[in-house]
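Same order as they appear, the protein sequences are chains A and B.
Numbered per the numbering used here, the first sequence spans residues 1 to 297.
Numbered per the numbering used here, the second sequence spans residues 1001 to 1297.
Number of protein chains: 2
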Amino acid sequence: MALIKGSVARNLNENNVTQAVIERFANTPDARLKVIMNALTRHLHEFAREVNLTEEEWYEGIKFLTATGHKCTDTRQEFILLSDTIGLSQLVCAQSNKRDQEATEQTVFGPFHIENAPKLANGADISGKRKGDPCYVNALIKSVADKPIANAQVDIWQADAEGFYDVQDPNWTPAKMELRAAFTSDARGAVTFRTIKPCAYPIPTDGPVGAMLKATNRHPMRPAHIHFMVHAPGFEKLITHIFVEGDEYLDSDAVFGVRSSCIGNYVRHAEGEPTPDGKKSTVPFYTLDYTFGMQPV
Amino acid sequence: MALIKGSVARNLNENNVTQAVIERFANTPDARLKVIMNALTRHLHEFAREVNLTEEEWYEGIKFLTATGHKCTDTRQEFILLSDTIGLSQLVCAQSNKRDQEATEQTVFGPFHIENAPKLANGADISGKRKGDPCYVNALIKSVADKPIANAQVDIWQADAEGFYDVQDPNWTPAKMELRAAFTSDARGAVTFRTIKPCAYPIPTDGPVGAMLKATNRHPMRPAHIHFMVHAPGFEKLITHIFVEGDEYLDSDAVFGVRSSCIGNYVRHAEGEPTPDGKKSTVPFYTLDYTFGMQPV
Chain A
1 MALIKGSVAR
11 NLNENNVTQA
21 VIERFANTPD
31 ARLKVIMNAL
41 TRHLHEFARE
51 VNLTEEEWYE
61 GIKFLTATGH
71 KCTDTRQEFI
81 LLSDTIGLSQ
91 LVCAQSNKRD
101 QEATEQTVFG
111 PFHIENAPKL
121 ANGADISGKR
131 KGDPCYVNAL
141 IKSVADKPIA
151 NAQVDIWQAD
161 AEGFYDVQDP
171 NWTPAKMELR
181 AAFTSDARGA
191 VTFRTIKPCA
201 YPIPTDGPVG
211 AMLKATNRHP
221 MRPAHIHFMV
231 HAPGFEKLIT
241 HIFVEGDEYL
251 DSDAVFGVRS
261 SCIGNYVRHA
271 EGEPTPDGKK
281 STVPFYTLDY
291 TFGMQPV
Chain B
1001 MALIKGSVAR
1011 NLNENNVTQA
1021 VIERFANTPD
1031 ARLKVIMNAL
1041 TRHLHEFARE
1051 VNLTEEEWYE
1061 GIKFLTATGH
1071 KCTDTRQEFI
1081 LLSDTIGLSQ
1091 LVCAQSNKRD
1101 QEATEQTVFG
1111 PFHIENAPKL
1121 ANGADISGKR
1131 KGDPCYVNAL
1141 IKSVADKPIA
1151 NAQVDIWQAD
1161 AEGFYDVQDP
1171 NWTPAKMELR
1181 AAFTSDARGA
1191 VTFRTIKPCA
1201 YPIPTDGPVG
1211 AMLKATNRHP
1221 MRPAHIHFMV
1231 HAPGFEKLIT
1241 HIFVEGDEYL
1251 DSDAVFGVRS
1261 SCIGNYVRHA
1271 EGEPTPDGKK
1281 STVPFYTLDY
1291 TFGMQPV
């Protein structure tokens, strides 16, 4: 029953306006949408009341959100970046992916995945000849019960040694996918490829999110990682990173996404040592062995 | 002192991530910005936890905000429209403008004001020859102590009889300002002009905000009104509307902006009656007399 009507509806104040908005959502056909709109209204209003938000501050917020929207393109998602940097992405990720202790943990998706990455055979080189230390990855896709999973679809993406994903190049086109690929696990559950060792890098700072980090005296760095997204029938989709042991930003990831179970041991080898593909490297290189534990549906 | 460090920082869950984000804002130089970012983080996180927001719902939200940003142009402010329709604008307006009971109340600014409207002399016709019932406005700008205020700067803007502001015409340019003007009050505190009687109209529904209203089964209508913004030295800036007594949407304004003290009596006159400018009208017309009470600074 509507409580806000007549002269009250014609004189809403900062307190009863909340009830008025909630009543306006009363006829929302989708019950879940109604729950979300009601809660969003309550919490947003409570925020504005608690800080006694001024009209000038409100307008700064409007301009910030507008600039954030204008920064979004097909290859740049500034709202995801905003969500990531205020911990909302990790919050939703954590509460949405409760898994067995043996399962590899989920972390944030990030804004740089691209559909339809090149499908490559095991052993491929995804480095695009970019500068960086060669790194040979041997990923085993297994169930939490330690059984190999063949034919899992595994998307890989990562930044280069200068901290940029391919899509961040202003001249990037879908024909120029580098440091990203889609693999299929073999009978042992293995996915193997050659890449470059990932480096810590700043999230893009040339937009409103960068301005927010600067204004709040926060660094924009993410600890080095390779992204993995694994699809296997009968198992929960897994979206995660494998971080680099020893990275200086593991405790202060700008997007709060580190999982200690997802820190990999990237082992350094001297030049001249044999590489996993049976050759000899003329430069130092790294190997990463990591076993993923997939959660049954 | 940081509570979130080491292995905790590497395994943030949906609960302690909030504290981690707040700690990250600890070195914000501007104390007010720090208060705002902390409160925004807490309330936004609490919203996401309360509804147990899923990854799919989060992504719908990202897409909604992105589309809202993309809809914003120099003459369209979809984020203000969003704020208006969820009552946030009225909340901020109400808590930011506490005034004496005799003072005219503030209401929402709305997205359609334009800087540098044409400066016109009292008595001018701002209708741009648009269709609609002629309406003669006689606004008196006074202090709350009932003293006339001369030389007040008064911006006027309103929609036409079809519910559109001039800037909503896709072919609009700043050279084509209609149904908007800037007046200066005379020695009696008076601002007079000829316009058309405002009509109830829908807020723009061709964007994400319109989609939200549709999905929640809400009407997009605003009760008819003329916007006034009054600047006078020594008084608080006044931004308000004068609504139309009897309008069917006064109790359900899509943006929650009605103030019962700002409902005007638009008096109908038959054709042939003398108009305030000393002529005789060949069609029925309206007159509006309204006295504004300005709050001293």
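Where a beta carbon is used, it is the ideal one built from N, C-alpha and C, also for glycine.
1. Counting pairs of beta carbons, one from the segment 1064-1083 of chain B and one from the segment 93-107 of chain A, are three or more of them closer than 8 Å?
2. Out of curiosity, what's the CA-to-CA distance linking residue 187 of chain A and residue 106 of chain A?
3. To which residues does DSSP link residue 65 of chain A through a beta bridge?
4. In the DSSP assignment, what residue or residues form a beta bridge with residue 1264 of chain B?
5. Taking residue 10 of chain A as the query, report the chain E residues whose CB atoms sit under 8 Å from its CB, ordered along the chain.
6. Mind pulling the alpha helix (DSSP H) runs of 4 or more residues that sit fully within the segment 1058-1126 of chain B?
7. Let me know the secondary structure DSSP gives residue 1207 of chain B once reduced to three states.
8. Which residue from A:279, A:257, A:246 and A:57 puts its Cα closest to that of residue 266 of chain A?
9. Quick one: Cα of residue 136 of chain A to Cα of residue 285 of chain A, how far?
10. Please decide whether residue 58 of chain A counts as near chain B, where near means a Cβ-Cβ distance under 7 Å.
11. Starting from the beta carbon of residue 1029 of chain B, find every residue of chain A whose beta carbon is closer than 9 Å, and list them in chain order.
12. Since residue 4 of chain A and residue 15 of chain A are thought to touch, with beta carbons under 8 Å apart, how far apart are those beta carbons, to the nearest angstrom?
13. Since residue 45 of chain A and residue 18 of chain A are thought to touch, with beta carbons under 8 Å apart, how far apart are those beta carbons, to the nearest angstrom?
14. Cβ-heavy atom distance between residue 43 of chain A and the ligand NAD below 6 Å?
15. Find the residues of chain A that neighbour residue 1210 of chain B, judging by a C-beta separation of less than 7 Å, and give them in chain order.
16. Rounding to the nearest angstrom, what Cα-Cα distance links residue 62 of chain A and residue 1076 of chain B in this structure?
17. Given that a residue counts as buried once 16 or more other Cβ atoms are within 10 Å of its Cβ, and exposed if not, what is residue 271 of chain A?
18. State the beta-bridge partners of residue 1155 of chain B as determined by DSSP.
19. Could you check what DSSP says for residue 1006 of chain B in three-state terms: helix, strand or coil?
20. Chain A partners of residue 1035 of chain B, CB-CB under 8 Å?
21. Which residues in chain A sit within 8 Å of residue 1020 of chain B, going by Cβ to Cβ distance?
22. Do residue 1104 of chain B and residue 1208 of chain B come within 7 Å of each other at the CB atom, strictly closer than that value?
23. Taking only beta-carbon positions, decide if residue 1041 of chain B is within less than 7 Å of chain A.
24. Do the segment 118-135 of chain A and the segment 274-290 of chain A meet, that is, are 3 or more Cβ pairs less than 8 Å apart?
25. Mind checking if residue 222 of chain A is an interface residue toward chain B, Cβ cutoff 7 Å exclusive?
26. Note the first and the last residue of the continuous alpha helix (DSSP H) segment covering residue 1037 of chain B.
27. Would you grab the beta carbon distance between residue 255 of chain A and residue 85 of chain A for me? Rounded to a whole angstrom, and I think it's under 8 Å.
28. Run through DSSP, which three-state label would residue 1140 of chain B get?
29. If I follow the unbroken alpha helix (DSSP H) through residue 24 of chain A, where does it start and stop?
30. For residue 17 of chain A, go through chain B and note every residue whose CB falls closer than 9 Å to its CB, in chain order.
31. With a CB to CB cut of under 8 Å and the five nearest residues on each side skipped, what residues in its chain are close to residue 280 of chain A?
32. Where does the unbroken beta strand (DSSP E) through residue 289 of chain A begin, and where does it stop?
33. Report yes or no: is there a C-beta of chain A within less than 7 Å of the C-beta of residue 1099 of chain B?
34. Got a sec: is the Cβ-Cβ distance from residue 1156 of chain B to anything in chain A below 7 Å?
35. Report buried or exposed for residue 1176 of chain B, applying the criterion of at least 16 other Cβ atoms within 10 angstroms of its Cβ.
36. Note down the Cα distance separating residue 130 of chain A from residue 1057 of chain B, rounded to an integer number of angstroms.
According to the structure shown:
1. no
2. 24 Å
3. DSSP output for residue 65 of chain A lists no bridge partner at all.
4. B:1244
5. In the structure shown, chain E cannot be found, because the protein chains are A and B.
6. 1078-1085 and 1088-1096
7. coil
8. A:246
9. 8 Å
10. yes
11. 215, 216 and 217
12. Incorrect: roughly 11 Å between the Cβ atoms, too far for contact.
13. Contact flag correct, Cβ pair sits at about 5 Å.
14. Ligands in the displayed structure: none, and consequently the ligand NAD is not present.
15. Neighbours of residue 1210 of chain B on chain A: none; closest Cβ ~15 Å, over 7 Å.
16. 12 Å
17. exposed
18. Beta-bridge pairing links residue 1155 of chain B to B:1182 and B:1229.
19. helix
20. Under the 8 Å cutoff, chain A gives 51.
21. 87 and 256
22. At a Cβ-Cβ threshold of 7 Å, residue 1208 of chain B and residue 1104 of chain B do not count as neighbours.
23. yes
24. Judged by pairs of C-beta atoms under 8 Å, the segment 118-135 of chain A touches the segment 274-290 of chain A, as three or more such pairs exist.
25. no
26. 1031-1050
27. 6 Å
28. Shown here, residue 1140 of chain B sits in a strand according to DSSP, grouped into three states.
29. 16-24
30. 1087, 1088, 1090, 1091, 1094 and 1256
31. 272, 273 and 274
32. Its beta strand (DSSP E) spans residues 285-294.
33. no
34. Residue contact with chain A for residue 1156 of chain B: absent (no Cβ-Cβ distance below 7 Å to any residue of chain A).
35. exposed
36. 37 Å
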